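Colleague:
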Amino acid sequence: MKKYIYLIKNMGLLTISSFGSKLLSFFLVPLYTSILTTKDYGIYDVFNTTIMLLIPILTSGMLEAVLRFPLTDKKNKNEIYLIGAKHLLRGFIILVLIYLVNYFFPVSIILKQYGILFLAMYFTAAASQLLQNYARGIEMVAALAISGIIGAVTVIALNIWFLIFLKWGLVGYFLANIVGMLLTTIYLLFALSVWKINPFKKITNKKLEKSMIDYAIPTIANSISWWVNNAADRYIIIGLFGLATNGIYSVSYKIPSIMTVFQNIFNQAWSISAVQEFDPNDSKGFYKNIYRMTNFFMVIVCSGLILTTKIFAKILYQGQFYTAWKYVPFLLISVLFGSLVGVLSGVFVAVKDSKRLGVSTVIGAFINIVSGVLLSLIFGPIGAALGTTLSYVVVWIIRLIDIRKYMHLSINLCRDICTYILLFIQALCILFTKSTMTTYLLQTIFFFIILITNYEEVRTLLKKIKH
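Mapping of the sequence shown onto our numbering: position 324 corresponds to residue 366, and the numbering continues sequentially without gaps.
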């Protein structure tokens, strides 16, 4: 029972910092879509997704090691942080040099125009991610939760000030997010007592650094592949349909972000519990129960959001952004499978098998690119969403197979597959049913069928956990 309480406690702390702020940010979407142009939103989205790609590459994947190693090596936690900080600074210096080359010999005009903002956004994003991972590694979840509140309130307040009152447009949107991450970083530096650690100090524990590098290097491929799974659709759309279409497509992620909030909260808490409670035989059914409950919760939320997609779209998407609703159903399904992949990943993190994690995500990334391009050429921008969904399904299948090397996980696979098929049919129905009354009637029927199919098992699981 204690393991469930510990996981729930951590999720509760993270929910305080994440859910409220994300909810506020979610309802500010009409503000962004009414002030920023589709091209502006597209530029910001490209910068943001590019930074998410560069961080694991330029830090040599060390931020993942900063999360994993303190969980089982608390006595060397300061040295672990120092190693991570050094790799972060080296990577930032490389990025500054790349920016200078582009400034004097322009390859990207947009990067030259917004270069300083890009550098500031990269550094604050990388630094805050380093400290957030370290906080999870040393199990200071409360500090992590507070930092999330500080960052979110800052971003929301500054967005309102910069966009509505100062009318700074895209530059204001950049600055609000940069300052939010900066304040998060400053708070964590003091809360985690790492401000006194000199990042230029010589690393003495070379054996520890080598172990961290051995773990971190394979995670680069894993991180890049996840980035491809999360961002390839945007670049495919930019290449085939332009920045304006990407701006519309990017806005479509705002509804799936409701599921992503829960996914991220769970993944942050689960990364700690998965390591601490690892049992190859899963004799107490901890992993099995967590997987089944995650599956049930995300399936129900996914189905409910597909049902209400058009309602949310009318509230959130202003003007020409409204057409983004049609991309939402398949993106919701991709988040569902991403959540299940996150649960399975806990096993590989626990045994430090970063290579096997990398292989599955590389395959998923390849499928995402190939299928995304082909399906976009056939069906238009929605093909990119289909490609993303397909890639997550493939990674989920591979991880289910690979996990057998380390653990026997008992799940009702036949029932689950039937549920996923129902979700795909539900997504197709909302896209192709013209009559509003017929649409909501069918959607409601699908929702209750899925709920009834899964309810009994979850009730049983909850009884087991209580006892």
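Just so you know, even glycine gets a beta-carbon here, dropped at the ideal spot from N, CA and C. All figures in this text were calculated on a predicted structure; none of them were measured in a lab.
1) Sort V383, M223, A469 by Cα distance to Q305 and report the nearest one.
2) What is the DSSP secondary structure of K356, counted as helix, strand or coil?
3) Does DSSP put N306 in a helix, in a strand, or in coil?
4) If you run the structure through DSSP and keep just helix, strand and coil, what is T365?
5) Whose CA, out of I135, V197, F379, M335, lies closest to the CA of P298?
6) Would you grab the beta carbon distance between P98 and I266 for me? Rounded to a whole angstrom, and I think it's under 8 Å.
7) Taking only the alpha-carbon atoms, compute the straight-line gap between I353 and S477 and give it to the nearest angstrom.
8) Just verifying my parser: in three-state terms, what is the DSSP assignment at H450?
9) For the alpha helix (DSSP H) containing W268, name the first residue and the last one.
10) Cα separation between F489 and Y215?
11) Taking I314 as the reference, give the member of Y83, A177, S413 with the closest Cα.
12) If you run the structure through DSSP and keep just helix, strand and coil, what is W237?
13) Run the CB neighbour count on F146, radius 10 Å, all protein chains shown included, and call it buried at 16 or more, exposed below.
14) Is E121 helix, strand or coil by DSSP?
15) Would you kindly work out how many angstroms separate the C-alpha atoms of Q360 and L70, rounded to a whole number?
16) Could you give the first and the last residue of the continuous alpha helix (DSSP H) run that contains K81?
17) Taking the beta carbon of N52 as the centre, do at least 16 other beta carbons fall within 10 Å, making it buried, or is it exposed?
18) What is the rounded straight-line gap between the Cα of F339 and the Cα of A168?
19) Taking the alpha carbon of W268 as the reference point, which residue from Y448, I443, A426, F408 has its own alpha carbon closest?
20) Put P112 into one of helix, strand or coil per three-state DSSP.
21) Do S418 and I280 count as a contact pair if the criterion is CB distance below 9 Å?
22) In its own chain, which residues sit with a C-beta less than 8 Å from the C-beta of M301, not counting the 5 before and 5 after it?
23) Between which two residues does the alpha helix (DSSP H) harbouring W438 extend?
24) Could you round the C-beta distance between K368 and I424 to whole angstroms and report it? I think they count as a contact, below 8 Å.
25) Within a Cβ cutoff of 6 Å, which residues of the same chain sit near I180, ignoring the five residues on either side of it in sequence?
26) I need the DSSP call for P298, collapsed to helix, strand or coil.
27) Please confirm whether V197 and N219 have their CB atoms less than 9 Å apart.
28) Where do the ends of the alpha helix (DSSP H) carrying F339 lie?
29) Can you tell me whether N52 is helix, strand or coil according to DSSP?
30) Note down the Cα distance separating P148 from K154, rounded to an integer number of angstroms.
31) Please state whether the Cβ-Cβ distance between L442 and L455 is less than 9 Å.
32) Are at least three pairs of beta-carbons, each pair with one atom in the segment 327–334 and one in the segment 244–256, less than 8 Å apart?
33) Near F134, which residues of its chain fall below 6 Å by C-beta distance, leaving aside the five closest residues on each side in sequence?
Modeller: Let me lay it out:
1) V383
2) helix
3) helix
4) helix
5) F379
6) 6 Å
7) 15 Å
8) coil
9) 248–283
10) 37 Å
11) A177
12) coil
13) exposed
14) helix
15) 11 Å
16) 80–100
17) buried
18) 31 Å
19) F408
20) helix
21) no
22) M340, V343, C344, L347, L374, V377, L378, S381
23) 424–444
24) 6 Å
25) P112, K119
26) coil
27) yes
28) 328–349
29) helix
30) 7 Å
31) yes
32) no
33) F165
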